[in-house]
Structure formats: C-alpha cells, structure tokens
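S.K.: My structure is below; once you've seen it, I'll send some questions.
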Amino acid sequence: MSLRIDRITLSDPETPNGPTTPGDEDGGLGLATKTRVKTRKPSMYRVLLLNDDYTPMEFVVHILEQFFNKSPEQAMRIMLHVHQKGVGVCGVYTYEVAETKVAQVMDLARRHEHPLQCTMEKED
Numbered sequence: 035m036s037l038r039i040d041r042i043t044l045s046d047p048e049t050p051n052g053p054t055t056p057g058d059e060d061g062g063l064g065l066a067t068k069t070r071v072k073t074r075k076p077s078m079y080r081v082l083l084l085n086d087d088y089t090p091m092e093f094v095v096h097i098l099e100q101f102f103n104k105s106p107e108q109a110m111r112i113m114l115h116v117h118q119k120g121v122g123v124c125g126v127y128t129y130e131v132a133e134t135k136v137a138q139v140m141d142l143a144r145r146h147e148h149p150l151q152c153t154m155e156k157e158d
C-alpha cells in the first residue's frame, strides 16, 4: 500500500511573516492536511520447482503437500509435470509468502541431502 499526503498551507496576505490560521491574531502557524490513500494490489510471485535426476518423486510430492497444501492428486500431477517439463509452478503468492515457501523447501531438501531447487519469479 502506498500513502500520499498533500499539505495545504493557508496564508494571510495581511501578515507578511508567513502562514497563519484564519482568525489567529498572534501570527501562529496553521496547516491543513489532506490525506489521500491510494492502494494497489501487491505484486505476485510464482514459486517454481526445478527437476533434477536425484530427488525422489515421493519427496517432491511430500513437499507439495506439506508446504503448498496440495492434495495427493494435485501434488502427483505437479510432480509429474516438473519431471517431464523440467519446471513447474507450485503456487502464486505475495513476495514475502513466496520467499518463505522457497526457503522452507530449500531447507527441507538440504536437511534430507536432496539437490532439489526451488525458485520464485515475478508474475507479469
């Protein structure tokens, strides 16, 4: 979310010392602020699994079920796609969520000594 604040300064032409609030006789400073909030959808990122010749298919299915909440059927379909095409999309998330999922996958793969690679890329 981006926030934009515009300031509007009120000036009294009879007071040469600068801006004042209307009706303020002692020459004090008066500011009126107007806030405009502009929101926009966050950028989305695809989390990708890359194929390798060593990581067991069962481990990839487990990753998809555990970290991406895929059903066994969905996980099997994605795993086969990765196996056949070399890369597959696990899900699409905001930057922070995608980054966390990549780190979780990579951490578990390393702990099990698998060379599985997981990356993320910004959607167009």
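So the sequence shown is numbered by my numbering: it starts at 35 and just counts up by one.
Where is the CB? At the ideal position from N, CA and C, for every residue including glycine.
Predicted, not measured: the structure shown is a model, and the values here were computed from it.
1. Judging by CA-CA distance, which residue of 136, 87, 67 is the nearest neighbour of residue 100?
2. Pick out whichever of 85, 113, 103, 96 has its Cα sitting closest to the Cα of residue 127.
3. Going by alpha carbons, who is nearest to residue 155 out of 72, 70, 77?
4. Once DSSP output is grouped into helix, strand and coil, what is the label at residue 138?
5. In its own chain, which residues sit with a C-beta less than 6 Å from the C-beta of residue 129, not counting the 5 before and 5 after it?
M.R.: On the basis of the supplied data:
1. Numbered from its first residue, the sequence shown carries residue 100 at position 66. Closest by alpha carbon: 136.
2. Along the sequence shown, read from residue 1 onward, the residue named residue 127 stands at position 93. Residue nearest to residue 127 within the set 85, 113, 103, 96 is 103 (criterion: CA-CA distance).
3. Residue mapping note: residue 155 aligns to position 121 of the sequence shown, counting from 1. Of the listed residues, the one whose Cα sits closest to residue 155 is 77.
4. The count along the sequence shown starts at 1 and reaches residue 138 at position 104. Three-state result, residue 138: helix.
5. Taking the sequence shown and counting its residues from 1, the one referred to as residue 129 is at position 95. For residue 129, where only same-chain residues beyond five positions count, the Cβ hits under 6 Å are 79.
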